[in-house]
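A short write-up of the structure that comes next.
There are 2 protein chains.
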Amino acid sequence: MSDILVVGSLAYDTISTPSGKAPRTLGGSANYFSLAASLFAPVKVVGVVGEDYESKDLEMLKTRNVDVTGLKTVKGKTFHWEGAYDGDMNEAKTLATELNVFADFNPELPASYQDAQYVFLANIDPALQLRVLEQVKRPKLVGADTMNFWISSKRDTLVKVLGKIDALLINEGEAEMLTGASNAIAASDALIKMGPKAVVVKRGEYGFVLRTQEGYFILPAFPVATVVDPTGAGDTFAGAFFGTLARSNRGLDLASLKEACVNGCLLASFTVQGFGVSALRDLTMVGVEKRAVEFNTVTSRA
Amino acid sequence: MSDILVVGSLAYDTISTPSGKAPRTLGGSANYFSLAASLFAPVKVVGVVGEDYESKDLEMLKTRNVDVTGLKTVKGKTFHWEGAYDGDMNEAKTLATELNVFADFNPELPASYQDAQYVFLANIDPALQLRVLEQVKRPKLVGADTMNFWISSKRDTLVKVLGKIDALLINEGEAEMLTGASNAIAASDALIKMGPKAVVVKRGEYGFVLRTQEGYFILPAFPVATVVDPTGAGDTFAGAFFGTLARSNRGLDLASLKEACVNGCLLASFTVQGFGVSALRDLTMVGVEKRAVEFNTVTSRA
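Chains L and C supply the protein sequences, listed in that same order.
Position in the first sequence counted from 1, then plus 3, gives you my numbering.
Position in the second sequence counted from 1, then plus 3, gives you my numbering.
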């Protein structure tokens, strides 16, 4: 088992969905990722929060085996995002983005983080993703996510990142935007030629496409009839994916990658059943293992 | 092995996609269904065409083991649909619908059809679907499809049909429209309570959800990087699904249903690789079996 280093956002989100409204609920890619990954392997987090960040939210990470040495509290307010989902639960409508202290985020790794073997660069400015890579010594496996904003505003830097990572995890819409392809299959075919040895195109309620040099591994999502809040499902997938790889510590071998994707689906299916991190925070491996059996039944041909 | 009876449309379609334009190419639900189903079991087709229907298109069905005794040629022109797919290959924009001889279609079953054991009511007026059911004696298994037009204009009649069939095959968007559910899982949960013992929600490029009283069986679609023309993929799925059930002739047992869905995916993946019925027409079981091995690899966790 190896440690995982994650760099990303910690936020308070105000989220409206057909199930209700959650004001200032804990969110941010690094929180979802850390909660998911820490069920499988120890996690070290790098990020920034404001003075309003509640100590109980920090404590919660610590009780889950997450090292918060790299988490800086600075003068100002924590990143706040406000979004709403209407009929289409696959895409949020952003109502407000208050970057606050996240606007000047410049990730600095504590010395104790620099030997990290598994490094995940959540969705932040690709220039900052590169800066993190300069600070780690010899990572065994580097993964990254990105989003439409960076694809349109910093494409060249993002392409540089793709050349330096082992695994890319990316939403379907953004994979198509980045490659010009019109579906997840063609997009994954294009992305695998841009550097990463493994590409996971996340399809939301439809599951994922894993593309390696050898071919595809594709599964649907675990079936959830009532999606309360899809926010963070992709970051949860990434956390479980990386956690599984760090736990098995066999690099990108196909069996590990498949297990990582299955665990990504499983944990994401919990995340969407509550607002913010609520369902993920209360999750135990017992709950995951029970759902793993169901998921296997649902997708088994036998 | 049992015979299959299918009632549906035979048409010439004019289709534009990013891959090009096909003017007056052979189409219609009964054609796609018959070509797919006849790879597995003998098919009897009921439908109507105009004087312009080419004899080679009739001959083509005959060479594929399709009984066309129930196909009437009447004065007038064959049903013609014109549609275009832009970026979103999951939904066609209808440019023109000329019902022509299909407007007065009133399915009459030849005596030789009335003992059919497997009956599929493709997407036609639910009142006509009921009229077909009155003319078959004791079918072992009845399936149906429908579309948004009938859901909004003849909902009550459609609900009556649902009470009389064993298997419903329906598009995701239409399943949601019919049930008010916001995703395929919840829609299948609602539909299984409306009569059918098996519900297949077709998700296009994302595969399907099979819902039975016992639970779900869910797989992604077979990966196709270049979709030339998605028209008829759902009817192809239904044909392969019904063909597989008629071939095994064990009713709705779970193993048969799963095999039927897998074959539905496989055959649909060929259909989308050519305009109209072109790819499906040239397909042999050797081609299907080769792709079956690939599909198993793509979705296998081992």
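C-beta: ideal position from N, C-alpha, C; glycine also.
Less than 6 Å separating the Cβ of residue i from some heavy atom of the ligand ATP?
i: Leu112 (chain C); result: No copy of the ligand ATP appears in this structure; indeed no ligand is present at all.
So the candidates are the options; which of them puts its Cα closest to the Cα of residue i?
i: Pro21 (chain C); options: C:Ser5, C:Ala95, C:Leu74 and C:Leu42; result: C:Ala95
i: Asp169 (chain L); options: L:Phe123, L:Val48 and L:Ser115; result: L:Phe123
i: Leu260 (chain C); options: C:Gly207, C:Asn126, C:Arg214 and C:Ala236; result: C:Arg214
i: Met180 (chain L); options: L:Phe152, L:Val164, L:Lys200 and L:Gly166; result: L:Phe152
i: Thr97 (chain C); options: C:Ser37, C:Gly207 and C:Ile18; result: C:Ile18
i: Ala25 (chain L); options: L:Val231, L:Leu131 and L:Ala241; result: L:Val231
i: Val296 (chain L); options: L:Leu269, L:Asp91, L:Leu161 and L:Leu38; result: L:Leu269
i: Pro233 (chain C); options: C:Arg134, C:Asp60, C:Leu8 and C:Gly90; result: C:Gly90
i: Glu177 (chain L); options: L:Ala193, L:Lys163 and L:Gly166; result: L:Ala193
i: Val301 (chain C); options: L:Val212, L:Pro199 and L:Val162; result: L:Val212
i: Phe225 (chain C); options: C:Lys65, C:Leu172 and C:Ser272; result: C:Ser272
i: Gly11 (chain L); options: L:Glu62, L:Pro199 and L:Asp238; result: L:Asp238
i: Ser32 (chain L); options: L:Asn126, L:Met92 and L:Gly23; result: L:Asn126
i: Met92 (chain L); options: L:Ile154, L:Pro199, L:Val227 and L:Lys65; result: L:Val227
i: Ala305 (chain C); options: L:Arg141, L:Ala258 and L:Leu161; result: L:Ala258
i: Tyr88 (chain L); options: L:Lys65, L:Gly23, L:Arg141 and L:Thr66; result: L:Gly23
Identify, in the order they occur along the chain, each residue of the same chain with its Cβ nearer than 6 Å to the Cβ of residue i, setting aside the five sequence neighbours on each side.
i: Val52 (chain C); result: Leu13, Thr76 and Thr81
i: Val145 (chain C); result: Val122, Ile168 and Asp169
i: Ser5 (chain C); result: Gln120, Tyr121, Ala249 and Asn252
i: Pro45 (chain L); result: Asp6 and Asn68
i: Leu8 (chain L); result: Lys47, Tyr116, Ala119 and Val122
i: Asn34 (chain L); result: Leu13 and Val280
i: Phe244 (chain C); result: Ala263 and Gly267
i: Ile221 (chain L); result: Val212
i: Tyr15 (chain C); result: Arg27, Thr81 and His83
I need the straight-line Cα distance from residue i to residue j, nearest angstrom please.
i: Trp84 (chain C); j: Gly30 (chain C); result: 9 Å
i: Glu101 (chain L); j: Asp128 (chain L); result: 16 Å
i: Val280 (chain C); j: Asn299 (chain C); result: 25 Å
i: Asp159 (chain C); j: Glu54 (chain L); result: 59 Å
i: Ile188 (chain L); j: Gln138 (chain C); result: 45 Å
i: Arg294 (chain C); j: Ala263 (chain C); result: 15 Å
i: Asn174 (chain L); j: Phe108 (chain C); result: 46 Å
i: Lys78 (chain C); j: Ser58 (chain C); result: 15 Å
i: Thr229 (chain C); j: Met150 (chain C); result: 26 Å
i: Gly246 (chain C); j: Gly290 (chain C); result: 16 Å
i: Lys143 (chain C); j: Met197 (chain L); result: 54 Å
i: Tyr219 (chain L); j: Glu208 (chain L); result: 19 Å
i: Phe240 (chain L); j: Asp118 (chain C); result: 52 Å
i: Asn186 (chain C); j: Ile195 (chain C); result: 14 Å
i: Ser156 (chain C); j: Gly277 (chain C); result: 33 Å
i: Asn266 (chain L); j: Ala39 (chain L); result: 9 Å
i: Arg134 (chain L); j: Ala106 (chain L); result: 16 Å
i: Gly166 (chain C); j: Phe36 (chain C); result: 23 Å
i: Glu62 (chain C); j: Leu136 (chain C); result: 28 Å
i: Gly242 (chain C); j: Tyr56 (chain L); result: 58 Å
i: Ala99 (chain L); j: Thr28 (chain L); result: 15 Å
i: Leu171 (chain C); j: Pro199 (chain C); result: 6 Å
i: Ser303 (chain C); j: Glu292 (chain L); result: 19 Å
i: Ile154 (chain L); j: Val104 (chain L); result: 23 Å
I believe residue i touches residue j by the beta-carbon criterion, under 8 Å. Please report the beta-carbon distance rounded to the nearest angstrom.
i: Pro223 (chain C); j: Gly86 (chain L); result: Not quite, the Cβ-Cβ distance comes to about 28 Å (not below 8 Å), so this is no contact.
i: Val69 (chain L); j: Ser41 (chain L); result: 5 Å
i: Thr274 (chain C); j: Ala236 (chain C); result: 5 Å
i: Ala190 (chain L); j: Val203 (chain L); result: About 11 Å separates the two Cβ atoms, so there is no contact after all.
i: Ala201 (chain L); j: Leu255 (chain L); result: 5 Å
Would you list the one or two residues that DSSP bridges to residue i?
i: Val46 (chain L); result: L:Ile7 and L:Val69
i: Ser19 (chain L); result: L:Lys24 and L:Ala87
i: Phe123 (chain C); result: C:Val9 and C:Gly146
i: Ala193 (chain C); result: Partner(s): none; Ala193 (chain C) has no beta bridge.
i: Asn109 (chain C); result: None; Asn109 (chain C) has no bridge partner.
i: Thr215 (chain L); result: L:Ala201
i: Gly30 (chain C); result: C:Ala14
i: Leu171 (chain L); result: L:Ala147 and L:Val202
i: Glu101 (chain C); result: C:His83
i: Ile188 (chain L); result: For Ile188 (chain L), which the question treats as bridged, DSSP gives no partner whatsoever.
i: Phe220 (chain L); result: L:Leu213
Which residues in the same chain as residue i place their Cβ atom closer than 7 Å to its Cβ, once the five residues preceding and following it in sequence are excluded?
i: Gly73 (chain L); result: Lys47, Val48, Val49, Leu112, Pro113 and Tyr116
i: Gln132 (chain L); result: Leu124, Ala147 and Val164
i: Lys140 (chain L); result: Gln117 and Asp118
In chain order, what residues of the same chain have a beta carbon less than 8 Å from the beta carbon of residue i, not counting five sequence neighbours either side?
i: Gly183 (chain L); result: Ala193
i: Glu217 (chain L); result: Leu257
i: Leu161 (chain L); result: Pro129, Thr149, Trp153, Ile154 and Leu181
Would you mind telling me which residues of chain D sit closer than 9 Å to residue i, beta carbon to beta carbon, in chain order?
i: Thr20 (chain L); result: This model lacks chain D altogether, as its protein chains are L and C.
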